[in-house]
Amino acid sequence: MSKTVLITGASRGIGAAAARKFAREGWRVALNYTRSEEKALALQKELGNGALALRADVSEAAQVKQMVRQLLEEFGHLDAVVCNAGIALPLGLLQDCTDEDWHRLFAVNVDGVFHTVRAVLPHMIHRQAGRIVTLASMWGQVGGSCEVPYSAAKGAILAFTKALAQEVAPSHINVNCVAPGVIQTDMMAFADEGTLSELTEETPLGRLGQPEDVANAIYFLCQPESSFITGQVVGVNGGFVIT
Ligand code: NAP
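Each residue of the sequence shown is one higher than the one before, counting from -15 in the numbering used here.
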């Protein structure tokens, strides 16, 4: 029986790289997306029979519940979930942040993780097995100037991960967090050449991260070799932040 994973926000960037990694290793992959239907369907085609593209806005609990119901009907079981879907706001001062931007950021980056995990937990608890990987950010660990809402939302994910890990450990469910540094995806599209070279210089390993760097850490946290790791935060940031 193939192993199965749900990856939220799998149409682009880190989520798409993780989907390719799991698929290459023989897993069946549910590819969640919300707007990029064309990209999600192209990835589903690329990954072949084991892949299933599922549209749901993770900020909407009912859509997430329906998505999980549909994937369990198709796959029969779920071994792992990667809560990767996320958005960032343009850099800016906190005093200029609108209520709308603040609430949307938290709706996707925090409520989205809550909705997804809540929807899969009864199944994992029933099976007494499961892996949950959340995506935070190094800014959630140390805070980033002009990224207060994003830092706060990702900080919430760190605490969510640690608390949940303790709560579900008796059900043999491991919950861990990956905290990326600067990774070259659409999320970094705002940065011009100068900014990118400054960020590269600030990174001790001397390069920016690629989506595959993060995908490899996510995959490891879903492997039998990581079965004694739970409640941890794995930084994938080239040494930019060392906590
Ligand atoms: P990205 O390239 O912008 O891709 C974001 C993904 O999230 C897309 O697949 C998008 O789907 C999906 N998404 C956004 N809103 C959604 C919603 N409401 N419902 C379902 N899916 C939604 O971002 P990325 O760089 O790969 O980031 C992935 C994760 O890593 C995020 O949680 C991000 O905060 C975190 N992270 C990234 C970096 C970085 O430097 N790139 C650093 C630290 C942490 P659609 O295409 O359908 O919109």
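Glycine is no exception: its CB is placed at the ideal position from the N, C-alpha and C atoms.
Quick caveat, the model's predicted, so the values are computed rather than measured.
Which residue wins for smallest C-alpha separation from residue i, given the options the options?
i	options	result
A45	C81, V94, H107	V94
G124	I226, E21, R4	I226
I109	P154, V220, G96	P154
V132	T145, L75, E84, L180	L75
A113	L77, I157, D80	I157
V101	D63, K29, L78, F212	D63
S211	V159, E21, K29	V159
A199	N68, K29, L78, A149	N68
E151	A0, G215, L25, A24	G215
L105	E58, R53, E84	R53
V92	L189, S43, N16, C81	S43
A103	Q50, E58, L78, E21	Q50
I202	E22, V66, E30	V66
Y134	T184, D176, H87	H87
T18	L180, Q47, I(-2)	Q47
D170	T184, G193, T82	G193
S121	G(-3), E21, G219	G219
T145	V117, M172, V126	V117
Looking at residue j and residue i, is the spacing between their C-beta atoms short of 8 Å?
i	j	result
G10	S(-5)	no
V217	A163	yes
C161	L142	yes
L36	A3	no
G34	R12	yes
R115	L205	yes
G165	F98	no
A140	L89	no
T(-8)	G128	no
G70	L(-10)	no
D85	L73	yes
A1	E196	yes
L27	L55	no
H61	T(-12)	yes
G222	L180	no
I213	I(-2)	no
So what does residue i bridge to, in DSSP terms?
i	result
R115	A64, N158
V(-11)	V13, A64
G219	A163
In chain order, each alpha helix (DSSP H) run of at least 4 residues that lies wholly inside the segment -2 to 81: If we require 4 residues or more, the alpha helix (DSSP H) runs fully inside the segment -2 to 81 come out as 21 to 31, 45 to 59.
4 or more residues per run - each alpha helix (DSSP H) lying fully within the segment 140 to 213: The qualifying runs are 177 to 186, 195 to 204.
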